[in-house]
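Q: Okay, here's the structure, questions in a sec.
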Amino acid sequence: MIKRLLSYFYPVKIFSQKSALSQTLEITWSNGDLVMDSLNTNYSYGSLQRILKLGLKNIGFAKIKQMQHILVLGVAGGSVIKTLVDEIEFKGKITAVEIDSEIIKIANRFFKLNEIPQLEIVIADAFEFVLKTTEKYDLIIVDIFQDTKMPNFLFESFFIDRICLLLKNKGNILFNTMLLNEADNLRNKKLIADFKKQSFAIKTIPRVEQHNELIIIEKLI
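For the sequence shown, this note's numbering gives the first residue as 59, with consecutive numbering after it.
Have a look at this one:
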């Protein structure tokens, strides 16, 4: 309790662990809340939760609440899952894919993800998972980072075409991206242009929490 109170004045780190895939992982009290951080960025809760919650609001909480199956690619501490369950009161199934098993152990310990009954966590590479799954999803949330970097495969046509195929009609994709330089800007512009050629509605929310751009996609047919 004392550490939580002190966190309103300055961040209080309570846990740190090295991970082969994510390098440094830290749990910190910040402004009265627990957050998960990597070496250079927020991984869960804190600013990241605000970013993804804004994207979900743009899709529509009422629409999401009526969905049946949501796929989350990139779990970390599971802040977007907590938003879905606690704030939106989503009752359907959530499948969450995370490549780093150490992150899930930490998330279970500090954020109690293992106590969410409708949540299935799959330890796997997101690219391999979307190749193999035969499920269809109402909402696919893409939130995959290695510290401040995003894997290249996320922006390759094959991956994009595949997640679009997994989307139900009128379903949505919420894609969280980070813009740190001009190359990142051009990358996002190309992705957006590719979607505009297809049967999708697409909008962006730029400069969320300074460096993030949300891309929100709806499958029209």
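Idealized CB from N, CA, C, for every residue including glycine. All figures in this text were calculated on a predicted structure; none of them were measured in a lab.
Since Ile-275 and Phe-233 are thought to touch, with beta carbons under 8 Å apart, how far apart are those beta carbons, to the nearest angstrom?
A: For the purposes of this step, residue 275 is taken as residue 217 along the sequence shown, with counting starting at 1. For the purposes of this step, residue 233 is taken as residue 175 along the sequence shown, with counting starting at 1. Indeed, because the Cβ distance is near 7 Å, the residues count as touching under 8 Å.
Q: For Ser-96, count neighbouring Cβ atoms within 10 angstroms of its own Cβ and tell me buried if that reaches 16, exposed if not.
A: The residue you call residue 96 lines up with position 38 of the sequence shown. With 16 or more other Cβ atoms within 10 Å, it is buried.
Q: How many Å lie between Ile-263 and Ser-257 at the Cα?
A: Translated into the one-based positions of the sequence shown, residue 263 becomes position 205. Translated into the one-based positions of the sequence shown, residue 257 becomes position 199. Using only the alpha carbons, I get a separation of about 20 Å.
Q: Does the Cβ-Cβ distance between Lys-123 and Ile-146 come in under 7 Å?
A: What you label residue 123 is simply residue 65 of the sequence shown in a count that begins at 1. What you label residue 146 is simply residue 88 of the sequence shown in a count that begins at 1. Yes. Within cutoff.
Q: Pop quiz: Ala-134 and Ile-161 are said to be a contact at Cβ under 8 Å. What is the actual Cβ separation, rounded to whole angstroms?
A: For this step, residue 134 is matched to residue 76 along the sequence shown. For this step, residue 161 is matched to residue 103 along the sequence shown. Right, the Cβ-Cβ distance comes to about 6 Å (below 8 Å), so this counts as a contact.
Q: What residue range is occupied by the uninterrupted beta strand (DSSP E) comprising Phe-73?
A: Locating residue 73 in the sequence shown gives position 15, counting from the first residue. Taken as a continuous stretch (DSSP letters only), the beta strand (DSSP E) holding Phe-73 covers 70 to 77.
Q: Can you check DSSP and say which residues form a bridge with Tyr-195?
A: What you label residue 195 is simply residue 137 of the sequence shown in a count that begins at 1. BP columns for Tyr-195 point to Leu-225.
Q: So, is Gly-104 buried or exposed, given that buried needs 16 or more other C-beta atoms within 10 angstroms?
A: Reading the sequence shown from its first residue, position 46 is the one you call residue 104. Buried, by the Cβ-count rule.
Q: Can you name the start and end residues of the beta strand (DSSP E) that Ala-154 belongs to?
A: Taking the first residue of the sequence shown as position 1, residue 154 is located at position 96. Segment 151 to 156, the beta strand (DSSP E) holding Ala-154.
Q: If I follow the unbroken beta strand (DSSP E) through Gln-81, where does it start and stop?
A: In the sequence shown, residue 81 corresponds to position 23, counting from 1. Where Gln-81 is concerned, the enclosing beta strand (DSSP E) stretches over 81 to 88.
Q: Quick check: the segment 218 to 236 against the segment 264 to 271, are at least 3 beta-carbon pairs closer than 8 Å?
A: Because the criterion of three Cβ pairs below 8 Å is met, the segment 264 to 271 and the segment 218 to 236 touch.
Q: Let me know the secondary structure DSSP gives Asp-183 once reduced to three states.
A: Taking the sequence shown and counting its residues from 1, the one referred to as residue 183 is at position 125. In this structure, Asp-183 counts as coil in the three-state DSSP scheme.
Q: May I have the straight-line CA-CA distance separating Val-143 from Gln-176, to the nearest angstrom?
A: To locate residue 143, count along the sequence shown from 1; it is residue 85. To locate residue 176, count along the sequence shown from 1; it is residue 118. Their Cα atoms are separated by approximately 9 Å.
Q: By the DSSP assignment, the beta strand (DSSP E) with Asn-270 in it spans what residues?
A: On the sequence shown, position 212 is the one that residue 270 refers to. Counting along the chain, the beta strand (DSSP E) containing Asn-270 begins and ends at 270 to 277.
Q: Quick check: what's the CA-CA separation for Pro-69 versus Gln-75?
A: Counting from 1 along the sequence shown, the entry for residue 69 is found at position 11. Counting from 1 along the sequence shown, the entry for residue 75 is found at position 17. Roughly 17 Å between the two C-alpha positions.
Q: Which stretch, first to last residue, makes up the beta strand (DSSP E) that contains Ile-128?
A: Within the sequence shown, the letter at position 70 stands for residue 128. Residues 127 to 131.
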